[in-house]
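What follows is a short report on a single structure.
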Amino acid sequence: MSASNGARPSKTVYLGPEDFDFKKYSPGTEGIVASAKVPSTQVWKAPVGLPLVVALTGKQTGTVTSGATDETINLSPEAPLVDYMDDVTQGQHTTDASLVGFFDSDDDGEPDTLITDATQVSYSGTYGTDNDFITSVDLDESDGAGDVDVAFHAIMRHGLTEIRKRNSGKGNTSQMLQSEDSITWAFSNPDAPDTDRQVTWDGRNNGQRGVLPPKFHMDLVFYDENFGTAVEEANAKNVEISIPVSQRPLGQDESAAELRRKITAQMVA
Amino acid sequence: MTDETLSTELSYATVESNTAGEPTPVTTWNVPEGTAIKIAQGYAAILDAEKADGSNPARNTKLGLAYREPNDPLDAWTVISDFSISPFNTLSLKQQQSGENAQRRRVRFDPERVPKGRITLEDADELALVVNSPDQIDPATLFFNYPMQVSQR
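Sequence order for the protein chains is X and E.
Take the first sequence: its position 92, counted from the start at 1, is 72 in this note's numbering, and no numbers get skipped.
Add 6 to the 1-based position in the second sequence for this note's numbering, that's all there is to it.
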């Protein structure tokens, strides 16, 4: 590596859900639930101070009685109301909401049709809330041709998520870069610095701790004793991730392998 | 040494029910092997505690941080800080997470037990959030977090 590398042009790239591979998770153990890989010609660095968004989702299921009106489905765990996402209680029945409901429209056992206020299974407009959480939703069923399965994907209320970097070679050494509990991630507000609720890349990631050489992985590691994520499911469309990285091309006089060795040597498992 | 958060969500946190009317832990952190955690006074705690029916615990509920060293008797917690539940009952988690309204939520340590306002807990030490309340607090919805520094030994 030469000193001239510092002057190479870098740009800020925002890693979103499309940049991560999602994996199945079982509660009670720490597990990688999402993983992104640094391109083989690029180097990532954590831009200290820029806001982070990491909102993973879990799934809960229920049943609506055939022909029901105002049937209350209690949520367990309750769903955080997230400032940077659509709010279902305000009529925003989108897949970008912090709570997204689906129903089984074709009786194939898979609740995969979005619930709105105008569908066969629909929101009646009544929601139970407790401060910053949705505790229940009221649903109507209009066909009357049998009970209907429903599923809700809600931003995690329990557990914690770490951002880790992991090397690509033998040994799989990894190092935690940032860790916050689900409540802190959910109630952060990346778009409103004046609320003092931004979660930003921590200052300790300045310097080589925050460097991810080519082919390194950036993992999201989740832990909760009782509640799992369901981020790997096709309907987990409201997983919200925005992780800024400063990306620069590997220098011509710079060896990817040497940079990997150097960074790995400084990582503490 | 890294800045992390002491939280009810940590893998080494055990969340349990208190005994109404008796000072008992609702969360115990068992410091992992090879790790030391340091907490300092002066930061604002974030806490949400409810009874099983979702209502707030009584206003005369007192909370505190306490520690226990290896070989201390099982019930011998040394309380280093105590605070009232009132500000946590009146402020939502979002309001607490924003820096406003922090004054009454700042943790102060007992200067006789923690002389310099900070305490380091080594592995095998335990730290607890203890509660003295006429009510039982629901462990399923209890949430607490406070800044800490973690170092590997």
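Beta carbons are placed, not taken as given, at the ideal position from N, Cα and C, and that holds for glycine.
No experiment lies behind these values; they were computed from the predicted model shown.
In this structure glutamate 220 of chain X is in contact with alanine 35 of chain X, their Cβ atoms being roughly 4 Å apart against a cut-off of 8 Å. Boundaries of the beta strand (DSSP E) around lysine 68 of chain E: 68 to 74.
Listed along the chain, the chain E residues whose CB falls inside 8 Å of the CB of phenylalanine 167 of chain X are Leu99, Lys100, Gln103. The beta carbon of glutamate 220 of chain X does not come within 8 Å of any beta carbon belonging to chain E, so the residue lies off that interface. Under the Cβ distance rule, tyrosine 203 of chain X counts among the residues neighbouring chain E, one pair being separated by less than 8 Å. Alanine 50 of chain E and glycine 70 of chain E have their C-alpha atoms roughly 13 Å apart. Here the alpha carbons of valine 136 of chain E and isoleucine 114 of chain X stand approximately 28 Å from one another. Of all alpha-carbon atoms in X:Tyr(-6), X:Val23, X:Ala16, X:Val68, the one lying nearest the alpha-carbon of asparagine 218 of chain X is that of X:Val68. Fully enclosed beta strand (DSSP E) runs of no fewer than 3 residues occupy 79 to 83, 101 to 110, 113 to 121, 128 to 135, 140 to 146 of the segment 64 to 149 of chain X, in order along the chain.
For tryptophan 165 of chain X, the uninterrupted alpha helix (DSSP H) run begins and ends at 162 to 166, by DSSP. The segment 25 to 34 of chain X makes contact with the segment 163 to 179 of chain X, as at least three CB pairs between them are under 8 Å. The DSSP assignment places complete beta strand (DSSP E) segments of no fewer than 3 residues inside the segment 156 to 227 of chain X at 197 to 203, in order along the chain. In summary, serine 56 of chain X is exposed, with fewer than 16 beta-carbon neighbours lying within 10 Å of its beta-carbon over all protein chains present.
With fewer than 16 other beta carbons inside 10 angstroms of its own, serine 20 of chain X counts as exposed.
Look at phenylalanine 115 of chain E: its C-beta is not under 8 Å from any C-beta on chain X.
Going by DSSP, isoleucine 243 of chain X is part of no beta strand (DSSP E) but of the alpha helix (DSSP H) stretching over 236 to 245.
The Cβ atoms of tyrosine 5 of chain X and phenylalanine 202 of chain X sit closer than 8 Å to each other. The Cβ neighbour count for asparagine 152 of chain X, taken over all protein chains shown within 10 Å, is under 16; the residue is labelled exposed. In the three-state reduction of the DSSP assignment, proline 153 of chain E falls in the strand class. The alpha carbon of tyrosine 73 of chain E has as its nearest neighbour, out of E:Gly60, E:Ala64, E:Ser61, E:Ser87, the alpha carbon of E:Ser87. Residue state for leucine 30 of chain X is assigned as coil, using DSSP reduced to three classes.
Cα atoms of serine 23 of chain E and glutamine 188 of chain X: separation of roughly 43 Å, rounded to the nearest angstrom.
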